[in-house]
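Report on one structure; see the data block that follows.
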Amino acid sequence: MRRWRCVPALLALLVLLSACGGAEAEPEVLRQTMTDAAPSLPEMLRADDTDENAEELFAHISDMDYGKVSRFFVLYAADGSADEIAAILVKNSADADGARQSLAAHLEDRARLYAQYKPEQLRRIEQAELFVRGRWAVLIVCDEAAAVKAACVRAMG
Amino acid sequence: MSKGFKVTAVVLALVFLLSGAVFSAMTFFTVRAMGQGEELSGYEEFASAEDGVVIAEEYTILPTTAISDAYRAGNSDGLNEKEKETLEMASGILEEIITDGMSDFEKELAVYDWMTSRLTYDEGSLVVIPTTDADSDNPYGVLKYHNAVCVGYATTFRLFMQMLDIPCMVVHNNELYHSWNLVQLDGHWYHVDIYADVGEGGYAAFNLPDAIRLQQQTWDTSFFPAADALTYNVAWRNRQDVSDVYTVPDALRKAMDDGNGAFALAFTCPVDGGTQELVEQMIASVNQALMQYTLPDLPDMIREWNWMPEQDGYEAVLTVFYHYGEDTPEETDPSEEAVRKQAEEALQNAFGDLFSLSLYDDYYGDYEGYAG
């Protein structure tokens, strides 16, 4: 009987451990948390996996195979400034770094565009945060990128 | 196999080889002739050399020769509805801005002036999921909505030049993120970037030689013709000789007084690194003052300056471009005595028979006027 007493504790520990890493954080919660952390964001437009033409919209931020994507969203400035928050949740954690790399390529494209047409926006690009957490790959481009990242990581647990 | 047949085969082979060699030579000399100022042959091939290229992964350079050919032939039967409408709009503009007797340079200048003053840049192209206005990348949309991205400017300018029978190409940079034009005048090519000057004019990106353009962009110089002339560069045409570096401020002031927003300082004295730096410091000082003091009828800044090495016997040439902002009316200051006095006089004139009024300047405090 003594042997079985530790089982509930072990089960509770397993649940706790599986909750860490933030791989299952809800996109809507993440989105709200991140925008709350960046009061200087201009009017932002949104595209995500619930849109009718989601795959087509996704292609504007990533060249990753859409079949590997579980959820995604992108918030982007309506006025053409560089502010942007993009997040991709992949189905398989092995693809998370691939998602990150695709967002890195997207960031490079944005940098080239702004270098040509609005060099004053490059500062935000250069201070961008790009990271992987669990199955999430996240890109943050705004004046408060570090604060937004911190809020995002907290929300992910 | 008979001897005669063998001889015939050898002769035919030799003829084939020779004709290939002659064709290659003709192509080579035609291309070389472009850089050496001779009249281009087959310019329409170069007028469409960039067609199909995609810029910024979004905007395709589309052909426009069908429209310009229809204009020159006076026959639009072969055009679709959009092309016909484009032709009508472009023809109307040319009718408005081009007059008889204009030289090619004057025609080009008239088109540049119209485009830089009437068109705006479509900022929707910078959005992550672009929301560019319809057809902002081709002449139809550019002329209809007066809104354009770089490809729109470049193809529209090319269309106008084609209609005016002036050789013109669209050029793109190596990164495929920007496009502009090369135009040929009197056998020499010049760079024109309408996008860079739109809303400002000022000629800072008008008829530039490679020597300046290579400081701003990189492109396939082995494919596109060399632009090595200054004759039709506006700054060059307004050049002032500078024999002493300490006369540079005088030259800057003279250009300002003459209303020359685009001019060049052509140095007859040696210009080493230290001289260049000193000149730039002088220019920066004037620029700082212009931005700080914002005096009426004067430039509000020096927008751009570019060095060129030895040109036409000069040791160095520096092109300079003033920027003239729009005159904004002085803001009214309600605390200013003269303003208050005038306002109170106006109040008394209107209501003096009913009340004695003073200016109510405390919306949330006690009112000082009274009825009497």
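Residue numbers (the numbering used here), protein chains in the order written: chain A, 480 to 636; chain B, 53 to 424. All C-beta atoms, glycine included, are put in the ideal place defined by N, C-alpha and C.
According to DSSP, is residue i helix, strand or coil?
i: A:Asp527; result: strand
i: B:Gln214; result: helix
i: B:Asp293; result: strand
i: B:Val300; result: helix
i: B:Arg355; result: strand
i: B:Asp129; result: coil
i: B:Asn190; result: coil
i: A:Glu655; result: Lying before the first or after the last residue shown, residue 655 of chain A is absent from chain A, which here runs from 480 to 636.
i: B:His375; result: strand
i: B:Ile181; result: coil
i: B:Trp271; result: coil
i: B:Leu266; result: coil
i: A:Leu606; result: For clarity, residue 606 of chain A is Gln in the given sequence; the question names Leu instead. Coil at A:Gln606, not helix or strand.
i: B:Thr172; result: strand
i: B:Glu396; result: helix
i: A:Leu586; result: helix
i: B:Asn259; result: strand
i: A:Leu496; result: Bear in mind that the predicted position of A:Leu496 carries a pLDDT of just 48, short of 50, making it unreliable; the figure below should be weighed with that in mind. A:Leu496: helix per DSSP, three-state reduction.
i: B:Glu367; result: coil
i: B:Phe276; result: coil
i: A:Leu618; result: strand
i: B:Leu406; result: coil
i: B:Thr112; result: strand
i: B:Ile150; result: coil
i: A:Glu535; result: helix
i: A:Ile540; result: coil
i: B:Leu317; result: strand
Just to make sure I have the definition right: I need the residues of chain A whose C-beta is within less than 8 angstroms of the C-beta of residue i. Which are they?
i: B:Gly104; result: The contacting residues do not exist; B:Gly104 stays about 21 angstroms from chain A at best.
i: B:Ile181; result: Leu524, Ala526, Leu536, His539, Val553 and Tyr555
i: B:Gly176; result: Gly559
Determine the chain B residues that contact residue i at a beta-carbon separation under 9 angstroms, and present them in chain order.
i: A:Leu471; result: With chain A running from 480 to 636 in the structure shown, residue 471 of chain A is simply not present.
i: A:Tyr545; result: Simply none; closest approach about 15 angstroms.
Answer with yes or no whether the minimum CB distance from residue i to chain A is below 9 angstroms.
i: B:Ile149; result: no
i: B:Ser408; result: no
i: B:Ser387; result: no
i: B:Ser295; result: no
i: B:Tyr197; result: no
i: B:Ala200; result: no
i: B:Glu109; result: yes
i: B:Tyr374; result: no
i: B:Asn285; result: no
i: B:Asn233; result: no
i: B:Tyr205; result: no
i: B:Asn290; result: no
i: B:Tyr173; result: yes
i: B:Asn225; result: yes
Under 7 angstroms Cβ to Cβ from residue i, same chain only, skipping five residues before and after it: list those, please.
i: B:Ala101; result: Met221
i: B:Val391; result: Thr384 and Asp385
i: A:Ala561; result: Arg589, Tyr593, Gln600, Arg603, Ile604 and Val620
i: B:Pro191; result: Thr116, Thr138, Ala142, Thr207, Thr208 and Leu211
i: B:Tyr366; result: Ala318, Phe319 and Thr320
Give me the chain B residues within the contact set of residue i, using Cβ-Cβ distance strictly less than 7 angstroms, ordered along the chain.
i: A:Glu563; result: Val180
i: A:Gln595; result: Tyr229 and His230
Give a yes or no on whether the minimum CB-CB distance between residue i and chain B is below 9 angstroms.
i: A:Leu601; result: no
i: A:Ala583; result: no
i: A:Ala502; result: Note that A:Ala502 scores a pLDDT of 48, beneath 50, so its modelled location is shaky; the value from the coordinates is reported in the next line. Judged by the 9 angstroms Cβ criterion, A:Ala502 is not in contact with chain B.
i: A:Arg591; result: yes
i: A:Asp558; result: yes
i: A:Asp588; result: yes
i: A:Ile619; result: no
Using CA atoms only, rank isn't needed, just tell me which of the options is closest to residue i.
i: B:Phe319; options: B:Thr299, B:Trp232 and B:Pro348; result: B:Thr299
i: A:Asp588; options: A:Asp542, A:Ala624 and A:Leu524; result: A:Asp542
i: B:Leu178; options: B:Ile119, B:Ile107, B:Val163 and B:Asp121; result: B:Ile107
i: B:Arg305; options: B:Ile335, B:Thr327 and B:Lys196; result: B:Ile335
i: B:Ala279; options: B:Ile264, B:Pro351, B:Glu110 and B:Arg124; result: B:Ile264
i: B:Tyr111; options: B:Glu135, B:Gly204 and B:Asp129; result: B:Gly204
i: A:Pro521; options: A:Gly559, A:Gln595 and A:Leu586; result: A:Gly559
i: B:Thr273; options: B:Ala281, B:Asn225, B:Gln292 and B:Phe315; result: B:Asn225
i: B:Val163; options: B:Ser128, B:Thr151 and B:Asn358; result: B:Thr151
i: B:Gly144; options: B:Phe275, B:Asp352 and B:Trp166; result: B:Trp166
Please work out which residues of its chain come closer than 6 angstroms, Cβ to Cβ, to residue i, disregarding the five sequence neighbours upstream and downstream, and give them in chain order.
i: A:Pro506; result: Arg550 and Phe552
i: A:Glu534; result: Tyr545
i: B:Leu171; result: His198, Ala200 and Val250
Can you find the residues in the same chain that come closer than 8 angstroms, C-beta to C-beta, to residue i, ignoring five residues on each side of it along the sequence?
i: B:Arg355; result: Glu252, Gly254, Ala256, Phe373, Tyr374 and His375
i: A:Asp576; result: Val611 and Ala616
i: B:Trp426; result: Since the displayed chain B opens at 53 and closes at 424, residue 426 of chain B lies outside it and no answer follows.
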